[in-house]
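**Student:** Here the protein sequences line up with chains E and U, keeping their order. Under the numbering used here, the first residue of the first sequence is numbered -18, with each subsequent residue one higher. Under the numbering used here, the first residue of the second sequence is numbered 2, with each subsequent residue one higher.
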Amino acid sequence: MLRLILRRLVDLIPTLLVVATTVFIITRMIPGDPAAVLLGPQASPDEIAKMRESLGLNQPMYLQYIDFLGSLLQGDLGTSLGYHQPVLSLILERFPNTLLLSVCALAIALLIGIPAGIISATKQYSAWDYTVMILSLVGVSMPIFWLGVMLVLYFSVHLGWLPATGMGSLSEGFGSVITHLVLPSIALSTIPMATFARITRSSMLEVIRQDYIKTARAKGLREFFVVWKHALKNAMTPLLTVMGMQISSMLGGAVLTETIFSWPGMGRLVVDAIENRDFVVVQGTVLFIAVIFVLINLLVDILYTVVNPRVNLSNKGEG
Amino acid sequence: MSFDLRQGETIGIVGESGSGKSVTSTAILGLIPSPPGKIERGSIVFEGKDLTKLSQDEMRKIRGNEISMIFQDPMTSLNPVFTVGNQIIEVIRLHQQVNKKEARTRAIEMLKLVGIPEPEKRLEQYPHEFSGGMRQRVMIAIALACNPKLLIADEPTTALDVTVQAQILELMKKLQVDLKTSIIMITHDLGVVWESCQKVLVMYAGNTVEYANVEDLYQNPLHPYTWGLLDSQIKSDTVGKLPSIPGNPPDLRNEIAGCYFAPRCAYAQEKCFTERPPLVEVSLEHMVACHFQTADHRLKREGGEASE
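And the structure:
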């Protein structure tokens, strides 16, 4: 298992090289001159030229690329053009915020989505089943920007219960962070929740017809244990795959949610950086997100072996 | 249909696919999915209790404990994500007041009993690390772990290859003697019945057509359907194509007035299509449901090995 993890971490290197190159090319292709954006509309052509020189933008592309990779190897993601701060410290400042939001949204999605799917599967074609399936269809199709705005309008503007934007701070007390978290977490959780409910239902329906479920019943087990122990563990594999994808995309920056609620996370950082042609920040954050994706995938692969003993990742033994 | 079974006895239920053998057995355990399944009438009496009148809670205490079941396909009957030990220990702890360690000891004993070598090691393994025959042994270990009084074996050897079939039957016979378990052996293989049963019940389309002692059935089969079944067995002198019963079992969703077997019966007459024959005792402990097989009137069996 340890060897597997090490091997996968080594595999990370070529992946990152490809991502770095792609990001480098794309940021150079975005129209607009970073120097001009940086200095604003009043800047003279002279000043802009000077700025381009100091940013290294006048160097041939291949030299820029080598410079970029060279500093990457030293763990240097560069210095932001707009914030005048190292990109890594910007990311490390924002990432915990995104992590907090994602974990809350994920918890809501799992705690509601999975049980809803299980109950749907055990009561197939019941009123409950139809309700859950319709709601989950609505859930996956509802645009976050619309839902987010509706939540703000109702709970913040109309009822005045919860703050609309920002994330509060611990200095204002723990409650402030919680109240700021509620609306964005709900908005961010809808799509994963609906997806989990649907996947759980279909996976459980397949498992519940298996012979070993009949065996479990013939043993005299309560239906609760038959479903939540014997069936659920077998139904976990497809669920894990989807979970991994949802977590990766949330951690990669919930761009829409963070924008609507002015949540100071990774998503906002990327969007702002793109708007300001801060290509150094764009490069750095995209690379960071790529690493997160690969690590989550590795984690999911490891969890497969926990959930399903027939999965043998090291390709050894009879598996 | 109706049958009774004494302690330590084995009854065989035979019939082709779709004749209701498995439904009968699942009904005994109260495991027919409801809806749509429902026991409309009749009774299943086990040690003086009518199982059809017990609550779900009471039924659960019987399942896996006093009556247990093994299924046809050992490859799919064990849960792939739990260790074999876990699955045996689960049923022991469910029905007996023992701690984890005692249950583990008992599980090891059970694996030893069903002839699995290195039981301590095997306990920690998953079903996919076992062969088909070994898995069926594990199923038997699970089924017998709580010393059930009745074991329902639903085609326990059908999915196994022939050499393993013999081993499993041998094992079941040996354990039956040791544990004094009664067995309901569901099969379509008359050879299995001959090997392991004292009584046999021949089913066709959800009804009993013949019920007799095994020796009696083999020496003196009465129902034309039983004749067909016996003829379609491979024997030492079988040459060429194996005889079969033409046609298929009827669709029971349609109303059928006469004998269910009449459309496929070579001996059917007009009466067979209009009136259902009752199951009657034609000689001592030999019951048959046929208009023309009665105490004082017999059909003459054509072909096959009617007269020996």
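C-beta: ideal position from N, C-alpha, C; glycine also. Note that the coordinates shown come from a computational prediction; the quantities given were computed from them, not determined experimentally.
Out of E:V288, E:D282, E:P290 and E:N289, point me to the one whose CA is closest to E:L(-17)'s CA.
**Tutor:** By one-based count along the first sequence, residue -17 of chain E stands at place 2. Ranking the options by Cα distance to E:L(-17), first place goes to E:D282.
**Student:** Below 7 Å between beta carbons is the criterion; list the residues of the stretch 64 to 87 of chain U that meet it against any residue of chain E, in chain order.
**Tutor:** Under the 7 Å Cβ criterion, the stretch 64 to 87 of chain U contributes R64, G65, N66, S69, M70, F72, D74, T77, S78, L79, N80, P81 and V82.
**Student:** Return the bridge partner residues of U:N214 from the DSSP annotation.
**Tutor:** Taking the first residue of the second sequence as 1, we reach residue 214 of chain U at position 213. Beta-bridge pairing links U:N214 to U:K200.
**Student:** Using a Cβ-Cβ cut-off of 6 Å (strictly less than) and excluding sequence neighbours within five positions of E:S117, which residues of its own chain qualify?
**Tutor:** Locating residue 117 of chain E in the first sequence gives position 136, where the first residue counts as 1. Result list for E:S117: A175, A178 and R179, in chain order.
**Student:** Report all residues from its chain with a CB closer than 6 Å to the CB of U:P244; omit the five preceding and five following residues, and keep chain order.
**Tutor:** Within the second sequence, the letter at position 243 stands for residue 244 of chain U. Counting only Cβ-Cβ distances below 6 Å, and skipping sequence neighbours, we find D232 and S233.
**Student:** According to DSSP, is E:S137 helix, strand or coil?
**Tutor:** The count along the first sequence starts at 1 and reaches residue 137 of chain E at position 156. In the structure shown, E:S137 sits in a helix (DSSP, three-state: H, G or I).
**Student:** Is U:E286 helix, strand or coil when you go by DSSP?
**Tutor:** Against the second sequence, residue 286 of chain U aligns to sequence position 285. It is coil, neither helix nor strand.
**Student:** Span of the beta strand (DSSP E) holding E:M(-18)?
**Tutor:** The residue given as residue -18 of chain E occupies position 1 in the first sequence. No beta strand (DSSP E) holds E:M(-18); DSSP gives it neither H nor E.
**Student:** Please confirm whether E:H161 has its beta-carbon closer than 9 Å to some beta-carbon of chain U.
**Tutor:** As a working mapping, residue 161 of chain E is identified with position 180 in the first sequence. Chain U, which has no Cβ nearer than 9 Å to the Cβ of E:H161, makes this no.
**Student:** For chain E, check one thing: does any of its Cβ atoms lie closer than 9 Å to the Cβ of U:L170?
**Tutor:** What you label residue 170 of chain U is simply residue 169 of the second sequence in a count that begins at 1. No - not a single Cβ of chain E is within 9 Å of the one on U:L170.
**Student:** Counting along the chain, where does the alpha helix (DSSP H) carrying U:V82 start and finish?
**Tutor:** To locate residue 82 of chain U, count along the second sequence from 1; it is residue 81. Segment: none, U:V82 is in no alpha helix (DSSP H) and carries neither H nor E.
**Student:** Quick one: is U:I143 near chain E, going by C-beta distance under 9 Å?
**Tutor:** Numbered from 1 along the second sequence, position 142 holds the residue referred to as residue 143 of chain U. So, interface residue.
**Student:** Who are the near neighbours of U:R302 in its chain, counting only those whose CB is closer than 6 Å to its CB and skipping five residues on each side?
**Tutor:** The count along the second sequence starts at 1 and reaches residue 302 of chain U at position 301. Hits under 6 Å: W228.
**Student:** Cβ atoms of E:V251 and E:V262: under 9 Å apart, would you say?
**Tutor:** The residue labelled residue 262 of chain E in the question sits at position 281 within the first sequence. The residue labelled residue 251 of chain E in the question sits at position 270 within the first sequence. Contact: yes.
**Student:** Sorted by chain position, which residues of the same chain lie with C-beta nearer than 8 Å to U:R136's C-beta, five sequence neighbours on each side aside?
**Tutor:** Translated into the one-based positions of the second sequence, residue 136 of chain U becomes position 135. If we look at U:R136 and ignore the five residues flanking it on each side, its Cβ neighbours are P75, M76, S78, L79 and P128.
**Student:** If we count the other Cβ atoms within 10 Å of its Cβ and call it buried at 16 or more, is E:L140 buried or exposed?
**Tutor:** For the purposes of this step, residue 140 of chain E is taken as residue 159 along the first sequence, with counting starting at 1. That one is exposed.
**Student:** Could you pull the start and end residues of the beta strand (DSSP E) that U:V15 belongs to?
**Tutor:** Reading the second sequence from its first residue, position 14 is the one you call residue 15 of chain U. It spans T11 to V15 - the beta strand (DSSP E) in which U:V15 sits, taken as one unbroken run.
**Student:** Return the CA-CA distance between E:I(-6) and E:L19, expressed in angstroms with no decimal places.
**Tutor:** The residue labelled residue -6 of chain E in the question sits at position 13 within the first sequence. The residue labelled residue 19 of chain E in the question sits at position 38 within the first sequence. So the two alpha carbons sit approximately 33 Å from each other.
**Student:** Do you know whose CA, among U:M111, U:V178, U:R107 and U:I169, lies nearest U:G133's CA?
**Tutor:** Here residue 133 of chain U corresponds to residue number 132 of the second sequence, with the count starting at 1. Cα-wise, what sits closest to U:G133 is U:I169.
**Student:** Ignore the nearest five residues each way along the sequence and tell me which others in E:R(-11)'s own chain have a CB closer than 7 Å to its CB.
**Tutor:** Sequence index remark: in the first sequence, residue -11 of chain E carries index 8 (1-based). Closer than 7 Å at Cβ, skipping near neighbours: L279.
**Student:** Give me, in chain order, the residues of the same chain whose beta-carbon lies closer than 6 Å to that of U:E67; leave out the 5 immediate sequence neighbours on both sides.
**Tutor:** Sequence index remark: in the second sequence, residue 67 of chain U carries index 66 (1-based). If we look at U:E67 and ignore the five residues flanking it on each side, its Cβ neighbours are P149 and K150.
**Student:** Please report the Cβ distance between E:A86 and E:P173, rounded to the nearest whole angstrom; I am assuming they are in contact, meaning their Cβ atoms lie under 8 Å.
**Tutor:** As a position in the first sequence, residue 86 of chain E is number 105, starting the count at 1. As a position in the first sequence, residue 173 of chain E is number 192, starting the count at 1. About 7 Å; that satisfies the 8 Å criterion.
**Student:** Between which two residues does the alpha helix (DSSP H) harbouring E:D282 extend?
**Tutor:** Numbered from its first residue, the first sequence carries residue 282 of chain E at position 301. Where E:D282 is concerned, the enclosing alpha helix (DSSP H) stretches over F260 to V288.
**Student:** Report the rounded CA-to-CA distance for U:G192 versus U:F47, giving the unit in angstroms.
**Tutor:** As a first step, residue 192 of chain U is located in the second sequence; it is residue number 191 there, counting from the start. As a first step, residue 47 of chain U is located in the second sequence; it is residue number 46 there, counting from the start. Those two C-alpha atoms are separated by around 28 Å.
**Student:** Check each candidate in E:V287, E:R291 and E:T266 and name the one with the smallest Cα separation from E:P67.
**Tutor:** The residue given as residue 67 of chain E occupies position 86 in the first sequence. Selected option, being the one with the closest Cα: E:T266.
**Student:** Taking only the alpha-carbon atoms, compute the straight-line gap between U:P222 and U:T295 and give it to the nearest angstrom.
**Tutor:** Counted from its first residue, the second sequence places residue 222 of chain U at position 221. Counted from its first residue, the second sequence places residue 295 of chain U at position 294. Spanning the two alpha carbons is a distance of roughly 13 Å.
**Student:** In the DSSP output, which residue or residues are listed as bridge partners for U:H298?
**Tutor:** As a working mapping, residue 298 of chain U is identified with position 297 in the second sequence. According to DSSP, U:H298 bridges with U:T295.
**Student:** Do U:A144 and U:A108 come within 9 Å of each other at the CB atom, strictly closer than that value?
**Tutor:** The count along the second sequence starts at 1 and reaches residue 108 of chain U at position 107. The count along the second sequence starts at 1 and reaches residue 144 of chain U at position 143. For U:A108 and U:A144, no; Cβs fall outside 9 Å.
**Student:** Between E:P41 and E:P12, what straight-line distance do the alpha-carbon atoms span, to the nearest angstrom?
**Tutor:** Your numbering for residue 41 of chain E matches position 60 in the first sequence. Your numbering for residue 12 of chain E matches position 31 in the first sequence. Taking the straight line joining both Cα atoms gives about 18 Å.
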